[in-house]
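Peer 1:
Protein chains: 2
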Amino acid sequence: MNIYDISKQSGVSIATVSRVINNSGYVAEKTRKKVMDVIEANSYMPNVFAKGMSTSSMKTIGILTTNIRDLYQAQCVYYLEQELKKYGYTAMLCCTGDELAAKKEHVELLASRKVDALIFIGSHFVEKNAKDNAYLYGASNNVPVFLLNGLLRHDNIYSILCDDETGAYELTRICLEKGAKDPVFIASRDTFSMRRKFQGFLKACRQYGIEKDDSAFRVFSEDPESLDASYTLLFDESAYDALICADDEIAAVAQRAARNHGIRVPEDLMVTGYNDSVIATIASPAITSLDNRAQYMCTQAVYGLTQVLDGKEFPEETMYSGKVVERESTKRT
Amino acid sequence: MNIYDISKQSGVSIATVSRVINNSGYVAEKTRKKVMDVIEANSYMPNVFAKGMSTSSMKTIGILTTNIRDLYQAQCVYYLEQELKKYGYTAMLCCTGDELAAKKEHVELLASRKVDALIFIGSHFVEKNAKDNAYLYGASNNVPVFLLNGLLRHDNIYSILCDDETGAYELTRICLEKGAKDPVFIASRDTFSMRRKFQGFLKACRQYGIEKDDSAFRVFSEDPESLDASYTLLFDESAYDALICADDEIAAVAQRAARNHGIRVPEDLMVTGYNDSVIATIASPAITSLDNRAQYMCTQAVYGLTQVLDGKEFPEETMYSGKVVERESTKRT
DNA sequence: CTGAAAGCGCTTACAG
DNA sequence: CTGAAAGCGCTTACAG
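What follows is the structure, given as structure tokens:
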């Protein structure tokens, strides 16, 4: 069943059938109804490939994530897909991992699939070495690029991100206000976004007259074996009384490591996470975290995308504030 | 840049260019090289739409998940995407939610996008009411359907699943062997797959001479507010000494509820999860769980899919065994 | 308001 | 081993 069949059965030309399908141009109400009836009777669906061939679009958006198993990234994919379908778009998903080469390959793959736009989830795509971001600029030459939780200034690249510096600042401030004197910052990777959080951490420390430098930025791998050793070293090194963690998972693991070392949370040690995921809720004690409003971010991205694809304006940069969610891990009375 | 440009620049017909691109038919080595050089010099990529139009395929697979935010489902998506790209396929992702109507819509959406096959993640797609599975049968008329953790007998539907009955049986047996006398089974939904786990639970109980009936099957909603009340009721009702939970998340929450009621895990109450996710590892005490080998399942599914799309044989049903991972939540000495 | 016709960029029998 | 040509199923100026 194709447009010719519909044309024959309804006694009009294929041009007219096309017009009623796409609601384009003028079609007499009578004609439209006649055609619609035939279409419905046959539950006809236009062939996407043919349509794509003439319009150069299949209404498909490429979503790139370094790791969909990460709760935060999965959440973003969820919200993005949710929004995209409202506008008739379909999501093509790529999990790239952290290797630059793989990221490039996936961008090319999606380009070859002729997606209408690209959405990158997470700061993991913005490389520390500025030159390594060329692949993003390259991508933006073909299609609009949306960067979630990342910031890059370039034509056709749109960045939408939570103000993580302020977020981390507030989490740190809460601990300091409750009496912590010696906080430390823990991340699993050294990225642009982590550095921004660390800036917030430093700012709060400065404000409370606590001297901290780059040595307070710790990168602990996610490998479970080396992790134990890392924490042993950390706790031996100094009696830290607050762990500002770059995400909830790190916080949960850190909290457990502390307990294994006989350190009580929050009595001896306060712990904060980031992203406000289920892990923060489920952990015990439940972990104070920062809700960075992933849903808002994703909704904005998809809205922006429809605007840009419509040839309308959209700000190149959107930064919005997150929200602290206090829980037991920082409750000290 | 299209196939005509390549044809002109290399001085051969478009038919020959097409043959070298697709490695089809006979092409003289000399000709092939000449054409390849031109293709690479221009970094030419065939237009997918045109290709799709003539071959009726874009090498795209539809993946359906009810909820990508669920750790287990996210994990499956990860492994599936990983495998699919090895074979040159791209993943189109749909998050359907639990409503039957939405599931149907998404199946149609993917059909309209002309995907080559459909992969359904999780038993959430196999409805309890047999009639409601018609949409799956319908889908299988157009493309091969792969059902992960679900079982449905129908032409062009391939089921791949872990033996959850035995899995739940073994988890229950561990608790009983360690002295539990009064276990109860907790799920968040009443699905086909949950029922299979429950059968395993009952089997273990019978074997240990413990009488249990349908009243031992509890469905607790995921809504945090009603949840607290549910657990209060549960713990008031009887001094259960083992909670066999249908997944790790439920187990983690149950464990916390127990602690809030002054019940110690594992001393007073043993707890088991399912899926062996990070949550089981991170929880404290760490939770005994069942590794249902999601990666194996996904690898099999993608392999099966390539076989079927190649016109080869693949078993309609594959059931494999899971693996118990014992942790602190059942450690009683 | 409607239709004839060109064009989108491939693949694939078929002929040679 | 290679090429001419039909065909895939749409959209969209253009003419009327």
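As they're listed, the protein sequences go chains P and F.
Mapping of the first sequence onto the working numbering: position 289 corresponds to residue 289, and the numbering continues sequentially without gaps.
Mapping of the second sequence onto the working numbering: position 201 corresponds to residue 1201, and the numbering continues sequentially without gaps.
Ideal Cβ positions, reconstructed from N, Cα and C, are used throughout, including at glycine.
1. Does any residue of chain F bring its CB to less than 9 Å from the CB of THR288 of chain P?
2. ILE63 of chain P and ILE157 of chain P - do their beta-carbons sit closer together than 9 Å?
3. Can you pull the chain F residues whose beta carbon is under 7 Å from the beta carbon of GLN295 of chain P, in chain order?
4. Roughly how many angstroms lie between the CA atoms of GLU267 of chain P and ARG327 of chain P, to the nearest whole one?
5. Does the count of Cβ pairs from the stretch 141 to 159 of chain P and the stretch 107 to 124 of chain P closer than 8 Å reach three?
6. Pairing CB atoms from the stretch 169 to 185 of chain P with CB atoms from the stretch 257 to 265 of chain P, are three or more of them under 8 Å?
7. Taking DSSP as the reference, what is the three-state secondary structure of ALA41 of chain P?
8. Can a CB atom of chain P be found closer than 9 Å to the CB of PHE1049 of chain F?
9. If I'm right that SER277 of chain P touches GLU222 of chain P with Cβ under 8 Å, what's the distance once you round it to whole angstroms?
10. Please determine, among P:GLU105, P:ASN47 and P:SER43, the residue with the shortest C-alpha to C-alpha distance to THR66 of chain P.
11. Could you tell me the distance, in whole angstroms, from the CA atom of THR299 of chain P to the CA atom of ILE1174 of chain F?
12. Once DSSP output is grouped into helix, strand and coil, what is the label at PHE1314 of chain F?
13. Need the endpoints of the beta strand (DSSP E) that GLY1062 of chain F sits in, please.
14. What three-state label does DSSP hand LEU1422 of chain F in the structure shown?
15. Quick one: using the 10 Å Cβ neighbour count with 16 as the cut-off for buried, is ASP248 of chain P buried or exposed?
16. Whole angstroms are fine: how far does the CA of LEU93 of chain P sit from the CA of ILE1287 of chain F?
17. Say the cut is 8 Å; is the CB of ILE68 of chain P nearer than that to a heavy atom of the ligand PLP?
18. What number of angstroms, rounded off, separates the C-alpha of ASP1155 of chain F from the C-alpha of GLU1317 of chain F?
19. Closer than 7 Å by beta-carbon distance: list the chain P residues that pair up with SER1018 of chain F, in chain order.
20. DSSP has LYS323 of chain P in a bridge; who is on the other side?
21. How do the stretch 36 to 46 of chain P and the stretch 4 to 11 of chain P stand: do at least 3 beta-carbon pairs fall below 8 Å, yes or no?
22. State the start and end residues of the unbroken alpha helix (DSSP H) segment that holds LEU136 of chain P.
23. Could you spell out where the alpha helix (DSSP H) holding VAL278 of chain P opens and where it closes?
24. Quick one: what's got a C-beta closer than 6 Å to PHE1201 of chain F's C-beta in the same chain, skipping five residues either side?
25. Sorted by chain position, which residues of the same chain lie with C-beta nearer than 7 Å to MET1194 of chain F's C-beta, five sequence neighbours on each side aside?
26. Does DSSP put THR218 of chain P in a helix, in a strand, or in coil?
27. Taking the CB atoms as reference points, tell me whether ASP1163 of chain F and TYR1320 of chain F lie closer together than 9 Å.
28. Are the C-beta atoms of LEU109 of chain P and some chain F residue less than 9 Å apart?
29. Thinking ALA111 of chain P and ALA91 of chain P are a contact (beta carbons under 8 Å), I'd like their distance in whole angstroms, please.
30. Beta-carbon within less than 8 Å of CYS76 of chain P's beta-carbon, same chain only, minus the 5 sequence neighbours each way: which residues are those?
31. Take ALA340 of chain P and list the residues in its own chain whose beta-carbon comes closer than 8 Å to its own, dropping the five residues that flank it on each side.
32. Is ILE1021 of chain F helix, strand or coil when you go by DSSP?
33. Excluding the 5 residues preceding and the 5 following VAL17 of chain P in the sequence, name in chain order all residues of the same chain whose CB lies nearer than 6 Å to its CB.
34. Assuming contact is defined by CB atoms lying nearer than 9 Å, are THR1166 of chain F and GLY1322 of chain F in contact in what I supplied?
35. On the CB-based measure, 16 or more other CB atoms within 10 Å of its CB, does LEU233 of chain P come out buried or exposed?
36. For the beta strand (DSSP E) containing ILE1263 of chain F, list its first residue and its last residue.
Peer 2: On the basis of the data shown:
1. Residue 288 of chain P sits at position 288 when you count from the first residue of the first sequence. No, because no Cβ of chain F sits closer than 9 Å to the Cβ of THR288 of chain P.
2. Working through the first sequence from its first residue, we reach residue 157 of chain P at position 157. Working through the first sequence from its first residue, we reach residue 63 of chain P at position 63. No; because the gap between Cβ atoms is not below 9 Å, this pair is not in contact.
3. The count along the first sequence starts at 1 and reaches residue 295 of chain P at position 295. Simply none; closest approach about 11 Å.
4. Numbered from its first residue, the first sequence carries residue 267 of chain P at position 267. Numbered from its first residue, the first sequence carries residue 327 of chain P at position 327. Computed Cα separation, rounded: 13 Å.
5. yes
6. no
7. For the purposes of this step, residue 41 of chain P is taken as residue 41 along the first sequence, with counting starting at 1. When secondary structure is reduced to three states using DSSP, ALA41 of chain P falls in the helix class.
8. Here residue 1049 of chain F refers to the residue found at position 49 of the second sequence. By this cut-off, PHE1049 of chain F is an interface position.
9. To locate residue 277 of chain P, count along the first sequence from 1; it is residue 277. To locate residue 222 of chain P, count along the first sequence from 1; it is residue 222. Incorrect: roughly 15 Å between the Cβ atoms, too far for contact.
10. By one-based count along the first sequence, residue 66 of chain P stands at place 66. Per the Cα distances, P:GLU105.
11. Sequence index remark: in the first sequence, residue 299 of chain P carries index 299 (1-based). Sequence index remark: in the second sequence, residue 1174 of chain F carries index 174 (1-based). When rounded, the distance between both Cα atoms is 46 Å.
12. For the purposes of this step, residue 1314 of chain F is taken as residue 314 along the second sequence, with counting starting at 1. Three-state result, PHE1314 of chain F: coil.
13. To locate residue 1062 of chain F, count along the second sequence from 1; it is residue 62. That run of the beta strand (DSSP E) goes 1060 to 1065.
14. Given that chain F is displayed from residue 1001 to residue 1333, the structure contains no residue 1422 of chain F and the question cannot be resolved.
15. Position 248 of the first sequence, counted from the first residue, corresponds to residue 248 of chain P. So ASP248 of chain P counts as buried.
16. For the purposes of this step, residue 1287 of chain F is taken as the residue at position 287 of the second sequence. For the purposes of this step, residue 93 of chain P is taken as the residue at position 93 of the first sequence. Rounded to the nearest angstrom, the two C-alpha atoms are 32 Å apart.
17. For the ligand PLP, the structure offers nothing, since it holds no ligand at all.
18. In the second sequence, residue 1155 of chain F corresponds to position 155, counting from 1. In the second sequence, residue 1317 of chain F corresponds to position 317, counting from 1. If I take the Cα positions, the gap works out to 11 Å.
19. Taking the second sequence and counting its residues from 1, one reaches residue 1018 of chain F at position 18. Simply none; closest approach about 16 Å.
20. Looking up residue 323 of chain P in the first sequence gives position 323. In DSSP, LYS323 of chain P forms a bridge with P:ASP291.
21. yes
22. If you number the first sequence from 1, residue 136 of chain P lands on position 136. Counting along the chain, the alpha helix (DSSP H) containing LEU136 of chain P begins and ends at 134 to 142.
23. On the first sequence, residue 278 of chain P is found 278 positions in, with the first residue counted as 1. Judged by DSSP secondary structure, VAL278 of chain P falls within the alpha helix (DSSP H) whose first and last residues are 278 to 282.
24. Residue numbering aside, residue 1201 of chain F sits at position 201 when the second sequence is read from its first letter. Within the same chain, PHE1201 of chain F has close Cβ partners ALA1168, THR1172, PHE1185 and ILE1244.
25. In the second sequence, residue 1194 of chain F corresponds to position 194, counting from 1. ALA1187 and ALA1246.
26. Within the first sequence, numbered from 1, the residue matching residue 218 of chain P stands at position 218. Reading the sequence as shown, one finds Arg at residue 218 of chain P and not Thr. Strand.
27. Locating residue 1163 of chain F in the second sequence gives position 163, counting from the first residue. Locating residue 1320 of chain F in the second sequence gives position 320, counting from the first residue. Cβ distance < 9 Å, so ASP1163 of chain F and TYR1320 of chain F count as in contact.
28. On the first sequence, position 109 is the one that residue 109 of chain P refers to. So, interface residue.
29. In the first sequence, residue 111 of chain P corresponds to position 111, counting from 1. In the first sequence, residue 91 of chain P corresponds to position 91, counting from 1. Separation of the CB atoms of ALA111 of chain P and ALA91 of chain P is rounded to 16 Å, and the pair is thereby denied contact status at 8 Å.
30. Reading the first sequence from its first residue, position 76 is the one you call residue 76 of chain P. Result list for CYS76 of chain P: THR65, ILE121, GLY122, LEU148, ALA294, MET297 and CYS298, in chain order.
31. Since the first and last residues shown for chain P are 1 and 333, residue 340 of chain P lies out of range.
32. By one-based count along the second sequence, residue 1021 of chain F stands at place 21. Note: ILE1021 of chain F maps to helix in three-state DSSP.
33. As a working mapping, residue 17 of chain P is identified with position 17 in the first sequence. ILE3, ILE6, SER7 and VAL35, listed in sequence order.
34. Residue 1166 of chain F sits at position 166 when you count from the first residue of the second sequence. Residue 1322 of chain F sits at position 322 when you count from the first residue of the second sequence. Yes, Cβ-Cβ distance for THR1166 of chain F and GLY1322 of chain F is below 9 Å.
35. Within the first sequence, residue 233 of chain P is the residue found at index 233, counting from 1. The residue is exposed, with fewer than 16 neighbouring Cβ atoms inside 10 Å.
36. Position 263 of the second sequence, counted from the first residue, corresponds to residue 1263 of chain F. First-last for ILE1263 of chain F: undefined, no H or E at that position.
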